[in-house]
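Only one structure is covered here, and it is reproduced in the block below.
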Amino acid sequence: MNSALPTSAQWAALMPILFPALAAAVIPLALLDRDAGVQKWIRAGVYAVALFALGASFMFLAELGKQSSQPSYQQLRLDYLAQFTGIFIVVAAALAVLQSWDHFHQEGWVKGETISLLLFSVSGMMVFASTTNLLVLFLGLELFSIPLYALTATLRSRSSSSEGGLKYFITGAVAAACFLMGIVILYGLTGTLDISVMRLQAGTPLADPLFIVGIGLLLVGFLFKVSAVPFHQWTPDVYVASPHPIAGFMSVATKGVAIVALIRAFPGLTAWGPVLGPKVQGVFMLVAVLTLVVANLTALVQTSAKRMLAYSSISHAGYLVLGLVAGTPGALTGMLFYLAIYLAMNMGAFGLFTAFGLVGEKDTYEDLRGLGWKHPLMGLCAALILFSLAGVPPLGGFYGKYMIFKELVATGHVNLAILGVLASLVSMGYYLRFIVALFLQAPTQAQEREATEAPVIQASLARGTVLVGAILVVAGGFMQTVLVDGFAHRAIQGLLGLR
Amino acid sequence: MFLTFAILALAGALALLLQKNAIEAGLCMALSFLGVSGLFVLLGNPVAAALQIIVYAGAILILVLFVIMLLNSHEEEPAEVSRPIQRWGSVALVAVLGLGAFRLLNGSPALAELAAKPVTGASTNLHSLGDMLFSQHLLGFEVAGFLLLAAMIGAVALVKKNL
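Protein chains in written order, with our numbering: chain A, -4 to 494; chain B, 392 to 554.
As structure tokens, then:
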């Protein structure tokens, strides 16, 4: 029996996950004091603890990357891909925490438990992204999903909020049940829980119909989290129901880790045998095509800008799945680069609402009228972020798509690449509508009156995060080689080399 | 033996779905849990069977029943009348899924191979389970602990009256 404490090398694999988890466990204790005078300081303290935990996790991961060490503990393997994903999650969470400070000051303060749940979700995502063991993968999935269900329903004063939370919970539970059933079938047939071992193990019935059904059920769980069509219906309702920073975090981090888990489980499709490999690839193709068509066309007809962003995030899932169809190391590297830029774009785009002081249900195009001129710097950032989302060169979003399309053409999927390009052209339509509302439409008289009467909104932190997003988007366009060669490439090389 | 317990579990689950009174539905659920725990015994895992009865039937279900009784909402809510097309559609879906599952289980060579293998391994006891949980699956155990804590904090945050 191996009951010894983890060695220091094993602790290194646990530390980045433990920082946010311990902070999350400590924060609720700090909230017990009900004295109004003290509470202000407790709030500041909670945010400081959260940022400290995320910062510590970030520094630790960065240091691991610098020393090129890949520690592991039991089923947890903190390889380069996991380190990349960890930094991705931590940055998204830190931006969300900063934005939520302003958001909750505008929309009315809710509980500090929100931050605690966010941190739990962060540690769950890290577990999810750094293992191939299906059991631990499932536990990680639940550890990041369950806090997100509660986070969606944070704003209890709005009735749509609890509706969104319940919807997310029920659909999420169905997806998790499918995922678990898939695990059970695969474990029963192969006797191992490790999906990377499963594939290489002699005597694995790769072409067996029951095995294929098991893989299919696993895919349902993954694609639900990626919010690809036809598992996307929850996305717009949930994003609209949740506070803007949480919506941004969900759209970025959930999708990101699910894509990374898919990369981990299905790195090269040839390894899955002559029957299963093409089948999985076919599923990816179908899902990508459906996602691109449905999401882009639905986004065109939305009146709420936040709903539009939700559909836009679905359509980005389509581009990412296209990368899985190609499946070459180049395409996977492109996907990681795309994810990094997507983080900057979507945290920025959802942060815009808080930065403009549009809280509550004020998220239609009408509410955005003329705001670009009122806050010129934010307007400029908004334009950069939205053009990048649409994939206009030379911004970061363009290169992400370019890398994926290039590999698609190289592997002979020219039709899919053309569809992708057409989809980005269509997406230009709804992103432009956002920009037109910001700059070319004068605010109505009622809005002018309201703006002069309203108190000055507190949004300096949210504006800062939007600025960071915009800078990253531009930097991604001009210095993509640094990001790609420095991090993404190594992560994928490490992954494929390990096998 | 297997058939008895399997039918017990299935019948309990089916009655749970069709029952309109919440408390009776809860009792049907207990019946279904009993059937499942019987299946665990047949699989040589008395620990899981005991846990199923103690934790699920004993603790969780009774708690849920208490909550239902305290809320005093066991009056039947007028359900929406389902349209005939929905009813026939669901029957057809169940038939297709059932047929598919049956054909899948019969047509899977890997499953037939597994069934032909002789049964190996002793039955699970509490000692070996604890050993495994704290050595091989320690990571999963700890993550599950955090999961429960997160779920608890989430539940409290959602229902707490005084924010």
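Don't be surprised by glycine CBs; every beta carbon is placed ideally from N, CA and C.
Is residue j closer than 7 Å to residue i when the C-beta atoms are compared?
{"i": "G209 (chain A)", "j": "C173 (chain A)", "result": "no"}
{"i": "I399 (chain A)", "j": "G313 (chain A)", "result": "no"}
{"i": "R364 (chain A)", "j": "P450 (chain A)", "result": "no"}
{"i": "T359 (chain A)", "j": "T447 (chain A)", "result": "no"}
{"i": "P200 (chain A)", "j": "S111 (chain A)", "result": "no"}
{"i": "L56 (chain A)", "j": "Q78 (chain A)", "result": "yes"}
{"i": "G177 (chain A)", "j": "L213 (chain A)", "result": "yes"}
{"i": "A470 (chain A)", "j": "M423 (chain A)", "result": "no"}
{"i": "G489 (chain A)", "j": "N341 (chain A)", "result": "no"}
{"i": "T127 (chain A)", "j": "R38 (chain A)", "result": "no"}
{"i": "S52 (chain A)", "j": "V85 (chain A)", "result": "yes"}
{"i": "S423 (chain B)", "j": "A400 (chain B)", "result": "yes"}
{"i": "G449 (chain B)", "j": "G426 (chain B)", "result": "no"}
{"i": "V534 (chain B)", "j": "L134 (chain A)", "result": "yes"}
{"i": "L530 (chain B)", "j": "L130 (chain A)", "result": "no"}
{"i": "P11 (chain A)", "j": "Y68 (chain A)", "result": "no"}
{"i": "Q236 (chain A)", "j": "T328 (chain A)", "result": "At residue 236 (chain A) the sequence reads Ala, which differs from the Gln that was named. No. Outside cutoff."}
{"i": "V252 (chain A)", "j": "M120 (chain A)", "result": "yes"}
{"i": "L372 (chain A)", "j": "D362 (chain A)", "result": "no"}
{"i": "A465 (chain A)", "j": "Y75 (chain A)", "result": "no"}
{"i": "L46 (chain A)", "j": "A88 (chain A)", "result": "no"}
{"i": "V479 (chain A)", "j": "F332 (chain A)", "result": "yes"}
{"i": "A421 (chain B)", "j": "F431 (chain B)", "result": "no"}
Let me know the secondary structure DSSP gives residue i once reduced to three states.
{"i": "N516 (chain B)", "result": "coil"}
{"i": "R259 (chain A)", "result": "helix"}
{"i": "R302 (chain A)", "result": "helix"}
{"i": "S140 (chain A)", "result": "helix"}
{"i": "L508 (chain A)", "result": "Because chain A in this structure spans residues -4 to 494, residue 508 (chain A) falls outside the shown range and cannot be described."}
{"i": "T395 (chain B)", "result": "helix"}
{"i": "T126 (chain A)", "result": "strand"}
{"i": "T359 (chain A)", "result": "strand"}
{"i": "D97 (chain A)", "result": "helix"}
{"i": "D28 (chain A)", "result": "coil"}
{"i": "D203 (chain A)", "result": "coil"}
{"i": "G403 (chain B)", "result": "helix"}
For the putative contact between residue i and residue j, defined by C-beta atoms under 8 Å, what is the C-beta separation to the nearest angstrom?
{"i": "A457 (chain A)", "j": "T349 (chain A)", "result": "4 Å"}
{"i": "A326 (chain A)", "j": "S310 (chain A)", "result": "No, A326 (chain A) and S310 (chain A) are not in contact; Cβ-Cβ is about 18 Å, not under 8 Å."}
{"i": "V278 (chain A)", "j": "V224 (chain A)", "result": "So it is not a contact: roughly 12 Å between Cβ atoms."}
{"i": "L403 (chain A)", "j": "A290 (chain A)", "result": "Going by Cβ atoms, the distance from L403 (chain A) to A290 (chain A) rounds to 18 Å, so no, they are not a contact pair."}
{"i": "I459 (chain B)", "j": "A406 (chain B)", "result": "That belief does not hold up - the Cβ atoms of I459 (chain B) and A406 (chain B) are roughly 17 Å apart, past 8 Å."}
{"i": "A16 (chain A)", "j": "F537 (chain B)", "result": "6 Å"}
{"i": "I180 (chain A)", "j": "L205 (chain A)", "result": "6 Å"}
{"i": "G395 (chain A)", "j": "I336 (chain A)", "result": "5 Å"}
{"i": "F537 (chain A)", "j": "L347 (chain A)", "result": "Chain A is shown from -4 up to 494; residue 537 (chain A) falls before or after that span and cannot be answered."}
With 16 as the cutoff for other CB atoms within 10 Å, does residue i come out buried or exposed?
{"i": "A305 (chain A)", "result": "buried"}
{"i": "M(-4) (chain A)", "result": "Annotation note: pLDDT 40 at M(-4) (chain A) (below 50); position unreliable, coordinate value reported separately. The residue in question, M(-4) (chain A), is exposed, as its Cβ has fewer than 16 Cβ neighbours within 10 Å."}
{"i": "D30 (chain A)", "result": "exposed"}
{"i": "I254 (chain A)", "result": "buried"}
{"i": "L218 (chain A)", "result": "buried"}
{"i": "T149 (chain A)", "result": "buried"}
{"i": "V485 (chain B)", "result": "exposed"}
{"i": "P509 (chain B)", "result": "exposed"}
{"i": "I476 (chain B)", "result": "exposed"}
{"i": "V482 (chain B)", "result": "exposed"}
{"i": "G167 (chain A)", "result": "buried"}
{"i": "D189 (chain A)", "result": "buried"}
{"i": "S64 (chain A)", "result": "exposed"}
{"i": "H528 (chain B)", "result": "buried"}
{"i": "A171 (chain A)", "result": "buried"}
{"i": "R302 (chain A)", "result": "buried"}
{"i": "L462 (chain B)", "result": "exposed"}
{"i": "I207 (chain A)", "result": "buried"}
{"i": "G511 (chain A)", "result": "In the structure displayed, chain A extends from -4 to 494; residue 511 (chain A) sits before or after that span and is not available."}
{"i": "G160 (chain A)", "result": "buried"}
Cβ contact (3+ pairs, closer than 8 Å) linking the region 531 to 546 of chain B and the region 135 to 152 of chain A: Verdict: yes, contact present.
Determine contact between the region 238 to 250 of chain A and the region 177 to 196 of chain A, defined as no fewer than three beta-carbon pairs at a distance below 8 Å. In short, these stretches do not touch, since the Cβ pair count stays below three.
Kindly confirm or deny that the region 468 to 487 of chain A and the region 387 to 394 of chain A touch, where touching means at least three C-beta pairs closer than 8 Å. The answer is yes - the region 387 to 394 of chain A touches the region 468 to 487 of chain A, with three or more Cβ pairs under 8 Å.
Does the pairing of the region 89 to 106 of chain A with the region 224 to 240 of chain A give three or more beta-carbon distances under 8 Å? As far as the Cβ criterion goes, the region 89 to 106 of chain A touches the region 224 to 240 of chain A, which means the pair count is three or higher.
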